[in-house]
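Each remark here refers to the structure printed beneath this line.
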Amino acid sequence: MATAFELDLTFGREVQTRSGAPVLRCYFCQKCTAGCPVAYAMDYKPAQVLRLIQLGQRDVVLSSSAIWLCVGCEACGTRCPNQIRLAPMFDTLRYMALEEGYSPDPAVYALHRSFLDSIRLWGRVHELTMLMEYKLRSPFGSDLLADIRVGLTLLLKGKITHLPERVRGLAQVRRLYKEAERRSSTEVET
Amino acid sequence: MSRIGLFVCHCGINIAATVDVERVAEVVGRDSHVVFATDYKYMCSDPGQQLIKDAIVEHGLDGVIVAACSPGMHEKTFRATAAAVGLNPYRCEIANIREQCSWVHQEEPERATEKAIEIVRTMVEKVRRDEDLVPFELPITRRALVIGGGVAGLEAALSIASAGYPVVLVEREGYLGGKMARLSGTYLNFEAAPDLLQQRVGRVLNHPNIRVLLNAQVTGLEGYVGNFKAEVSGSRVQIPGSNLKPEAPKPETLEVGAVVVATGWDPYPLERLPEYGGGRVPDVIDGLAFEEMLRPGGELRRPSDGRVPREVVFVQCAGSRDPERGVSYCSKVCCMYVAKQAMMFKERVPEGQAYVFYIDIRSAGKGYDEYVQRAMEQHDVLYLRGKVSKIFRRGGRVVVWGADTLAGRPVEVEVDLVVLATAMLPSRGAIPLAQTLHIQTDGYGFYNEAHPKLRPVESLTAGIFLAGAGQGPKDIPEAVAQAGGAAAKVLQLFAQEAMVQEPTVAYVVEELCAACGACVAVCPYEAREIHPVRGIATVNAALCQTCGACVVACPNKASRIHNWEPGQVLAMADVLTEMSS
Chain E
1 MATAFELDLT
11 FGREVQTRSG
21 APVLRCYFCQ
31 KCTAGCPVAY
41 AMDYKPAQVL
51 RLIQLGQRDV
61 VLSSSAIWLC
71 VGCEACGTRC
81 PNQIRLAPMF
91 DTLRYMALEE
101 GYSPDPAVYA
111 LHRSFLDSIR
121 LWGRVHELTM
131 LMEYKLRSPF
141 GSDLLADIRV
151 GLTLLLKGKI
161 THLPERVRGL
171 AQVRRLYKEA
181 ERRSSTEVET
Chain V
191 MSRIGLFVCH
201 CGINIAATVD
211 VERVAEVVGR
221 DSHVVFATDY
231 KYMCSDPGQQ
241 LIKDAIVEHG
251 LDGVIVAACS
261 PGMHEKTFRA
271 TAAAVGLNPY
281 RCEIANIREQ
291 CSWVHQEEPE
301 RATEKAIEIV
311 RTMVEKVRRD
321 EDLVPFELPI
331 TRRALVIGGG
341 VAGLEAALSI
351 ASAGYPVVLV
361 EREGYLGGKM
371 ARLSGTYLNF
381 EAAPDLLQQR
391 VGRVLNHPNI
401 RVLLNAQVTG
411 LEGYVGNFKA
421 EVSGSRVQIP
431 GSNLKPEAPK
441 PETLEVGAVV
451 VATGWDPYPL
461 ERLPEYGGGR
471 VPDVIDGLAF
481 EEMLRPGGEL
491 RRPSDGRVPR
501 EVVFVQCAGS
511 RDPERGVSYC
521 SKVCCMYVAK
531 QAMMFKERVP
541 EGQAYVFYID
551 IRSAGKGYDE
561 YVQRAMEQHD
571 VLYLRGKVSK
581 IFRRGGRVVV
591 WGADTLAGRP
601 VEVEVDLVVL
611 ATAMLPSRGA
621 IPLAQTLHIQ
631 TDGYGFYNEA
641 HPKLRPVESL
651 TAGIFLAGAG
661 QGPKDIPEAV
671 AQAGGAAAKV
681 LQLFAQEAMV
691 QEPTVAYVVE
701 ELCAACGACV
711 AVCPYEAREI
721 HPVRGIATVN
731 AALCQTCGAC
741 VVACPNKASR
751 IHNWEPGQVL
761 AMADVLTEMS
771 S
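These protein sequences, in sequence, are chains E and V.
Just so we're aligned: 20 in this note's numbering is position 20 of the first sequence, and the numbers increase by one with no gaps anywhere.
Just so we're aligned: 369 in this note's numbering is position 179 of the second sequence, and the numbers increase by one with no gaps anywhere.
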């Protein structure tokens with residue numbers, strides 16, 4: 001019959017405090033889900049993730065693919081009638097998942113890492129080298145050349161540049177990284 | 191020979207686009223009894239009415255026919271127009287050529303015009319034979335009877351009494367305050383219900399214009415608006431702190447001019463919810479029982495073992511919105527009082543947890559939705575959207591099986607106490623009382639209002655008004671507002687010098703009456719009876735609604751209606767049979 005499941009009501013408060021998104025306010029109008037460009041690929045849709053947080057389903061949420069698929073476009077947060085900004089909430093959920101030892105989808109994790117590395121290196125994204133890093137980080141070697149045609153076309157049309165350019169404020173960008181790393185390491189410790 | 195004026199209205203294009211109004215005026219105008227006939231764009235407008243007035247004076251008319259919309263719309267208007275220039279208003283009649291002709295025959299304008307002519311010609315035959323009639327006046331007993339001493343009854347009684355009229359307040363129980371007297375506090379502002387009520391009850395008990403009868407019931411009601419006789423059994427008992435002397439219970443007859451029915455509600459019985467453990471599991475209680483635990487002086491403890499509950503489940507729509515097992519309507523107040531009870535519980539037991547199972551949250555009202563949101567956000571009340579399927583005991587606790595449809599999962603919660611927000615039923619005495627008062631109820635036993643939109647505080651019986659949850663589920667502010675409205679209607683009645691009654695009612699031709707009683711049996715308004723001494727049927731003109739049932743039933747043609755005489759009706763029928771032959 002009915003499946004019992006633990007209702008850990010501290011989880012919702014924790015997510016709310018860390019992300020600043022008032023997740024307990026959600027009344028499930030599903031407007032976020034209706035406009036999400038990646039909801040089709042998520043195992044739990046954005047509104048369902050909110051509900052699972054309210055119900056204290058820590059394990060289900062932190063092991064879901066949804067939290068890794070959010071691209072942070074903020075369509076949901078902009079539209080939410082309850083001022084719940086879902087993108088920072090998804091960021092928080094990703095931190096929590098990493099802190100608690102959940103392994104993310106390897107391809108998604110590789111993309112996030114490559115993106116951040118590219119910015120740390122150049123101060124902005126350089127698509128060509130970022131994608132090269134992504135391909136090397138990706139666990140599926142057979143896909144190594146999968147996007148080469150698209151890449152070549154973009155390159156020939158001048159849509160992406162051959163050589164990376166550094167931004168002038170690179171030192172400041174790197175300082176941001178240092179600060180973020182310092183904060184997250186103290187958070188992990190506490 | 192009569193001197194009738196005919197006024198055919200275009201009603202813009204409502205009539206004129208289908209019916210050839212000029213032709214109607216021309217054809218019927220040839221009748222020897224019609225001395226003036228015309229048509230006009232809008233007869234009900236000021237120039238239209240002036241046209242009628244001028245013609246009455248100029249042509250010395252002794253009858254007026256306005257061929258226009260339904261008499262329900264403008265009969266009063268045009269009769270007043272005629273009366274303004276000295277014509278007896280009952281010689282002005284409406285020929286309905288809109289609702290009963292142009293609107294329903296738009297596809298066939300020629301035949302519609304023929305029909306309009308027939309309708310108007312029947313009216314010529316009627317108006318020819320109309321007599322001058324005079325409305326009669328009836329006295330008014332300026333005393334009100336309020337049935338029910340809950341928050342609605344108290345408000346109605348106070349409003350009427352404060353306007354200077356005597357009120358008799360009849361309460362079935364031995365105390366005033368009704369269901370509100372059992373509540374802990376009100377939602378939105380958490381004001382303690384006993385404090386709010388005590389002041390009202392005190393004002394009622396000490397009001398010089400209000401007589402309170404407790405343990406009392408209305409057992410009979412006769413008469414009509416302005417002149418009722420109510421049979422009341424009951425007593426006035428000593429109330430602590432009041433200066434009222436106890437009175438022995440004795441039946442008495444009260445003369446009153448108006449009645450306010452404010453008999454309130456009763457909760458849906460727990461025993462009728464066996465799937466929720468109602469009546470079986472001691473720690474499954476209803477909302478009123480939980481209110482008593484939360485009241486000052488009450489103790490928040492489980493009925494089974496007296497322990498303070500740590501976790502509580504509230505089940506909304508217990509019996510409501512359940513056509514299969516309960517009632518199909520929404521009880522309206524539960525969403526709000528459950529939010530209140532959950533928050534009050536959390537204040538008493540801050541480390542406790544409250545769960546609410548609901549189908550929808552219906553929190554329409556000023557500040558209501560924000561209040562429910564506050565329960566969720568600030569008091570961590572967990573709302574689970576889904577109807578509970580089963581509630582049963584496991585060890586010393588209560589298990590609730592439900593679902594969370596938002597997450598798409600079944601849920602099982604094990605708690606200490608379950609509160610069922612049971613449906614609001616009409617008071618158990620409502621149906622017999624409605625029969626006593628001759629007012630209608632719906633299928634559930636809620637009193638029917640005269641019109642669901644525009645006459646929400648009146649019953650269909652003149653002089654009997656409705657207030658509070660007896661008319662339908664409502665919360666305290668709504669009940670108080672409706673009671674104020676009912677009181678205003680009573681005062682509107684009492685403010686008249688006398689009641690004016692339409693003279694177009696039934697009467698008896700005494701020499702034809704055989705006192706067979708057929709009219710008494712068919713009258714739906716109890717307006718007919720056989721005179722005990724004279725041996726003829728009589729008409730109580732104040733009760734007669736001109737339905738004509740007695741006229742049809744009378745074998746001797748002794749029962750008649752003024753200005754609907756047999757000769758008039760037959761002449762009207764003759765017109766139609768001549769024309770169709």
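All C-beta atoms in this analysis are idealised placements derived from N, C-alpha and C, irrespective of residue type, glycine included.
Just so we're clear, the structure is a prediction, and the values are computed from it rather than from any experiment.
Sequence-distant residues of the same chain with beta carbon closer than 6 Å to residue i, five excluded per side
i	result
Tyr134/E	Ala110, Leu111, Ser114
His569/V	Met533, Lys536
His249/V	Val225, Phe226
Ala761/V	Glu315
Val254/V	Gly195, Ala272, Cys282
Val198/V	Val211, Val214, Ala215, Asp229, Ala257
Residue-chain proximity (residue i, chain E), Cβ-Cβ < 8 Å
i	result
Gln543/V	yes
Asp606/V	no
Met526/V	no
Asp594/V	yes
Met566/V	yes
Asp833/V	No information on residue 833/V is available, as it lies outside the stretch 191 to 771 that chain V covers here.
Ala678/V	no
Thr208/V	no
Ala351/V	no
Asp550/V	no
Residue-chain proximity (residue i, chain V), Cβ-Cβ < 8 Å
i	result
Thr17/E	no
Leu9/E	yes
Gln83/E	no
Leu170/E	no
Arg58/E	no
Beta-bridge partners of residue i, as assigned by DSSP
i	result
Glu602/V	Trp591/V
Gln543/V	Glu501/V
Glu489/V	Per DSSP, none; premise fails for Glu489/V.
Gln407/V	Ser423/V
Pro457/V	Met614/V
Boundaries (first-last residue) of the alpha helix (DSSP H) holding residue i
i	result
Ile246/V	236 to 249
Val214/V	211 to 219
Glu567/V	558 to 567
Glu719/V	Taken as a continuous stretch (DSSP letters only), Glu719/V belongs to no alpha helix (DSSP H), being part of the beta strand (DSSP E) at 718 to 720.
Gly195/V	That residue, Gly195/V, is in no alpha helix (DSSP H); its beta strand (DSSP E) goes 194 to 199.
Leu9/E	Per DSSP, Leu9/E belongs to no alpha helix (DSSP H) and is neither H nor E.
Gln54/E	46 to 54
Gln691/V	That residue, Gln691/V, is in no alpha helix (DSSP H); its beta strand (DSSP E) goes 689 to 691.
Tyr109/E	106 to 122
Unbroken beta strand (DSSP E) run spanning residue i, endpoints
i	result
Gln83/E	Here Gln83/E belongs to no beta strand (DSSP E), and DSSP marks it neither H nor E.
Cys524/V	Careful: Cys524/V lies outside any beta strand (DSSP E), inside the alpha helix (DSSP H) at 524 to 538.
Val609/V	607 to 612
Lys580/V	580 to 584
Ser749/V	749 to 751
Glu514/V	First-last for Glu514/V: undefined, no H or E at that position.
Arg137/E	First-last for Arg137/E: 127 to 137, but that is the alpha helix (DSSP H), not the beta strand (DSSP E).
Ala383/V	Element bounds for Ala383/V: not the beta strand (DSSP E) but the alpha helix (DSSP H), 383 to 396.
Per-residue burial, residue i [other beta carbons within 10 Å of its own, 16 or more giving buried]
i	result
Phe380/V	exposed
Glu481/V	buried
His264/V	buried
Val571/V	buried
Cys29/E	exposed
Pro237/V	exposed
Val729/V	buried
Gly725/V	exposed
Pro46/E	buried
Met233/V	buried
Neighbourhood of residue i by C-beta, 8 Å cutoff - its chain only, sequence neighbours within 5 removed
i	result
Asp523/V	A small correction: the amino acid at residue 523/V is Val; Asp does not occupy that position in the sequence shown. Excluding residues within five positions, the ones whose Cβ falls inside 8 Å are Met614, Pro663, Lys664, Asp665.
Proximal residues to residue i (C-beta, below 7 Å), its chain only, five neighbours per side dropped
i	result
Asp594/V	Leu574, Arg575, Gly576, Val601
Gly516/V	Tyr458, Gly509, Ser510, Ala613
Asp456/V	Leu615, Ser617, Arg618
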